[in-house]
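Q: Input: one structure, supplied below.
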Amino acid sequence: MAANRFEVGDVVVDEEGYRGSVRYVGPVATAKKKDATWIGVEWADAGRGKHDGSVKEKTTGEETRYFSCPQGQGSFVKPQFLRVGVAFEDALMARYEPEAAVRVGEGVEGEAGPRRRNGEAVEIEAVGMDQIRGKQQIHKLREVSLSSCVVVSAGQPGWISEHCPHIKELDLADNLIDSWKTVGLIASQLPGLEHLSLARNRLATGLPINPIEPLPAPLKIPFAALRVLVLNRTGTTFSQVQRLDEEGVIPALEELVLGDNDLDTLDPLANVKSDTVSHQRGSYAEWAKEQIKLADRSGFTPESFAKGFASLRKIDISRNKLATWSEVWRLSRLPALRHINVSDNPIDEIFFDLPAMAALADPADAPQPSGPAVEAGDGASARRNPGKENEMQQSRLKAAEAFRRKLDGLETNQTEDADQEQSCCGADAEGDCAADTNETDSPSSPNDGGEAEHKADEDADTKKKPSRFVNELDIVMSNGMVIPMQEKRERARYTEARLFKGSGTQGGSQPFRSLETLLLCRTRITSWTSVDALNKFPAIKEARLQGSPLIAAAGNAGAARQTVIARVKGFVRLNGSEVSPRERSDAERLYLKRVAAALTSLSGPERDAKLAEHPRYDELVAEHGDPTEAARRAKAAQEADGSLASNSAKVTISSFDPRTCTAPPVTKRLLLSMSVKELKLLCQRLFKVDVDLQKLFYREKSKDFGHPVALDEDGMAIVDFGVKAGGEIIMEARDPEKEKADADKRAAQESQRMKDQETRAAREAAIKREEIERQKQSLLSSSTD
């Protein structure tokens, strides 16, 4: 490209895809060819350059500065190795009307010069332009892709709205757009734009997070029809998108893609300085929020939740750095949110109710402190009144509920007279009001009973205060002891519990009230407790869990699928496959029998602990019956009857092993108390297949043959797997030789893949070395000319 096509301020990209800004155009003192034109570039990537915009003469040591930039980000580059960013219309014409673009670019008769530089209009006169426009069809375009077209600007004002106003889907991925102002200049000219992709554009400027800073003028025109916004690898934070929504820029947004942005938080107030945020709230609300922040900087406030986004149905936050489910919980108040993709994040736990929530009902269940407990004034006398325990418990419940409503109501700035009445525990409760002390300190409403009444209230409140100030995160025990929560993690979880409990979404509904689909592939979930928590999501229908340690640890993918289906009632799809009613019934029955078998040898606290690991057990017993009771009845019937028929079932046993599949199915009457290991011994006698190689399955005979159930617990009785008369036992067999061959084949393929990768890397390195050498030779030749 000719050097005269570059101007200071142009955005450029080199042959390796690195982007930078032109800071200088002209000769360089240290070049051998003094009149050669060089392009001084400040690269976006630190370390890409070699200097800070200055050069030194080797002989004299004299420094000449051409521009200033951070050390290691400046370079002088030959024009032919750079491409300058183009305006939107130039990229559009080049891709969709190349003939017209060539004629215009070459210069139509009478053209005075280039049409524009980086979108800045240049006065031209061109004969024949009307004829060219007559051939163009760009005004009919509805879907436009300008990905990787070095688009850097919106171009001439009004050109887009004049020539292609009907675009509904626009792909601007992988360009040089670095400002939200440019985005606004383009999108504001497309009133029907529904889908916009800005992926892999470094949107570093033009969208202030702080609400007291105005948005760029182009963003003040709403993207009224925009439904899908793709912002992968743009460096955009959730707080920036929240600002767009708050300002009414994206009122109809239904799908937001924020993948691969190194996000470690979804806090809408991230990066907003507290001293610049103007709270138009009552003094109590400000005080309460500040107390929580002071008590624990990691605690949530009501403003820490995403709000607005009335139409948002789907959000993709995959491939980020979100380490805790608390960050995802910030989205729980969005009323229309149905789909969340949080795959490829280091999240290791899912919850709906935090464990610490129980402490709001009974502080004794809260995390135990590391330090000693201290007395809370008059509350210590509770130790001497054990007969009042029940009354005090009720008072404590009222206090916790009142505080919970107080937190929920911070945004409304309403007086809480009713709550204050409920929080007053009375003289009998003594120190149990300590947890609610700040309820009685809130300023009186302008509509209350005047100064005299207000003074009386203050006097009464003073009498109720404990002798020690109780931190909002301290736990007041029923005996009046105050437990300071000093561990940061416990305090954070307890703060979240107080804010999450009953916090609700907009409109006072449940958290995640509309969430149907949750993608959790390749997360770090290791506990079935996280899977069980999905039952509490009110609308959940689908999840994906592939690649998580929990599923990998299960070994058998089919068995893991059955367990997940049984543990989560609402799933109609799992890992992309439909869950049929029959599959659900089979999975639940098998799961129920396995849990029941594990419970048979346990009693007392051990049994209770095991039951706590399976929260759906009682529900499944109510639906399918108690398998242990059924077994007891069968055993009793057998003892009473004494006949074989009462405790046996006639089933068909078939071999699906290729070596013995020609053998006819065998009908046998089996004792239902027979173990799976004993059944395998029978199959070994029937089909001559070693026990260690067998894989047994059971299915009921019906029109659809049912869903096969793996008989994968050798010590369990076949009745525990639902075996009954008329069913079918299927035997498959492992082929060790084939397994070894397959393993060897996979290893060989992996080895070949690595070799191919190394070969490609070596080839690319050689090409790069040749290119560097070519550039050196070009520079040497240009210096000697």
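In the UniProt record's numbering, the protein residues as written are 1 to 785.
We put the beta carbon where it would ideally sit given N, CA and C, even for glycine.
#1: Take Pro191 as the anchor and find which of Val13, Asn575 and Ala224 has the nearest alpha-carbon.
#2: With DSSP run on the structure shown, which of helix, strand or coil describes Ala553?
#3: What's the C-alpha gap between Lys680 and Pro549?
#4: Under 8 Å by Cβ, that's how I've got Asn345 and Leu312 pegged, so tell me the actual separation to the nearest angstrom.
#5: Does the Cβ of Ser530 have 16 or more other Cβ atoms within 10 Å, making it buried, or fewer, making it exposed?
#6: Taking the beta carbon of Val183 as the centre, do at least 16 other beta carbons fall within 10 Å, making it buried, or is it exposed?
#7: Which stretch, first to last residue, makes up the alpha helix (DSSP H) that contains Ala609?
#8: Bridge partners of Gly74, per DSSP?
#9: Distance, Cα to Cα, Tyr617 vs Cys521?
#10: In terms of alpha-carbon separation, which member of Lys688, Val689 and Ala710 lies closest to Phe697?
#11: Put Gln752 into one of helix, strand or coil per three-state DSSP.
#12: My guess is that Lys541 and Thr517 are in contact by the Cβ rule of under 8 Å, so how many angstroms apart are they, rounded?
#13: What does the Cβ neighbour count give for Ala717, buried or exposed, with the cut at 16 atoms within 10 Å?
#14: Span of the alpha helix (DSSP H) holding Gln240?
#15: Could you have a look at Gly26 and say whether DSSP puts it in helix, strand or coil?
#16: With distances taken between CB atoms, is the gap from Glu194 to Val228 smaller than 9 Å?
#17: Could you say if the region 36-52 and the region 66-81 meet the contact criterion of at least three C-beta pairs nearer than 8 Å?
#18: Measure the alpha-carbon distance for Phe6 versus Cys164 and round it to whole angstroms.
#19: Can you give the Cα-Cα distance for Arg753 and Arg746, rounded to whole angstroms?
#20: Roughly how far, in whole angstroms, is the beta-carbon of Ser197 from the beta-carbon of Ala173, given that I think they are within contact range, below 8 Å?
#21: In its own chain, which residues sit with a C-beta less than 8 Å from the C-beta of Glu451, not counting the 5 before and 5 after it?
#22: Determine the burial state of Asp586: buried for a count of at least 16 other Cβ atoms within 10 Å of its Cβ, exposed for fewer.
#23: Are there 16 or more other CB atoms within 10 angstroms of the CB of Pro511, so buried, or fewer, so exposed?
#24: Would you kindly work out how many angstroms separate the C-alpha atoms of Lys738 and Glu578, rounded to a whole number?
#25: In the DSSP assignment, find the unbroken beta strand (DSSP E) run with Ser648 in it and report its ends.
#26: Distance check for Ala622 and Gln684, CA to CA, integer angstroms please.
#27: Kindly give me the distance between the Cβ atoms of Gln80 and Ala46, rounded to whole angstroms, as I take these residues to be in contact under 8 Å.
#28: Which ranges does the alpha helix (DSSP H) cover as unbroken runs of at least 4 residues, wholly within the region 660-745, from first to last along the chain?
#29: Identify every residue that forms a DSSP beta bridge with Asn341.
#30: For Val152 and Arg83, which I take to be in contact (beta-carbon distance under 8 Å), what is that distance rounded to the nearest angstrom?
#31: Among Ser654, Lys688, Glu247 and Ser239, which residue has its Cα nearest to the Cα of Asn261?
#32: Which value, in whole angstroms, describes the spacing of the CA atoms of Pro664 and Asp657?
#33: Can you tell me the Cβ-Cβ gap for Leu519 and Arg544, rounded? I've got them flagged as a contact below 8 Å.
#34: What whole-angstrom Cβ distance do Ser648 and Leu672 have, given they're in contact under 8 Å?
#35: For Lys321, name the three-state secondary structure that DSSP assigns.
#36: Using only alpha-carbon positions, find the residue among Asn201, Val25 and Ser179 that is nearest to Asp171.
A: To lay it out plainly:
#1: Ala224
#2: helix
#3: 31 Å
#4: Not really, about 19 Å apart at Cβ, beyond 8 Å.
#5: buried
#6: buried
#7: Gly604 to Ala612
#8: Glu42 and His51
#9: 27 Å
#10: Ala710
#11: helix
#12: 7 Å
#13: buried
#14: Phe238 to Glu246
#15: strand
#16: yes
#17: yes
#18: 28 Å
#19: 10 Å
#20: 5 Å
#21: With a pLDDT of only 43 at Glu451, under 50, the local geometry of the prediction cannot be trusted, and the value read off the model is given with reservation. No residues qualify anywhere along the chain.
#22: buried
#23: buried
#24: 31 Å
#25: Ser648 to Ser655
#26: 38 Å
#27: Wrong, their Cβ atoms sit about 25 Å apart, outside the cutoff.
#28: 676-687
#29: Asp316 and Leu519
#30: The pair is not a contact, with the Cβ atoms about 10 Å apart (cut-off 8 Å).
#31: Ser239
#32: 12 Å
#33: 5 Å
#34: 6 Å
#35: coil
#36: Asn201
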